[in-house]
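Residue numbers (my numbering): 676 to 823. Virtual Cβ for every residue (Gly too), placed ideally from N, Cα, C.
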């Protein structure tokens, strides 16, 4: 049997070093994968006023998330759909005020708003806190139990 020349103290640093390198790679990948979209955003009172004035509401989450809870009157247009192209049913809404929301108002909502803005929907805005903040503020939501 071959013997290694490493001392126990030298072997102890290897797992810690590998862990630290892995952690740095994961953090670096996560930060690199987040794009900062410069899109117009609104707070809850402003979104509520826009909605009361007749703004279109677009939920860009998954169908399952939408069915779990959504803002009354919201259209479901998942981000994946917007990435593939603007659906025909939205084309006539380019001049309308549009409130876009996701879960937290961060990446998904911002990207969806960016895609809409790029496609000529100049009045599309992102709800900063998403449906989570909306519901926590006591604004109306329809839940799975209420919908069906």
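Judged by DSSP in its simplified three-state form, residue 723 adopts helix. Taking the Cα positions, residue 772 is about 9 Å away from residue 728. In chain order, 734 and 817 place their CB closer than 6 Å to the CB of residue 745, counting only its own chain and leaving out the 5 sequence neighbours on each side. When DSSP states are grouped into helix, strand and coil, residue 758 belongs to the helix group. In this structure, the beta-carbon distance from residue 757 to residue 784 does not fall below 8 Å.
Secondary structure note for residue 791: its alpha helix (DSSP H) is the uninterrupted segment 782 to 793. Looking at 697, 768, 770 and 775, the one whose alpha-carbon comes closest to that of residue 719 is 775. DSSP links residue 746 through a beta bridge to no other residue.
Only residues of its own chain outside the window of five on either side were considered, and among them 719, 722, 746, 776, 802 and 816 have a CB closer than 8 Å to the CB of residue 809, listed in chain order. Per DSSP, the unbroken alpha helix (DSSP H) holding residue 810 starts and ends at 805 to 811.
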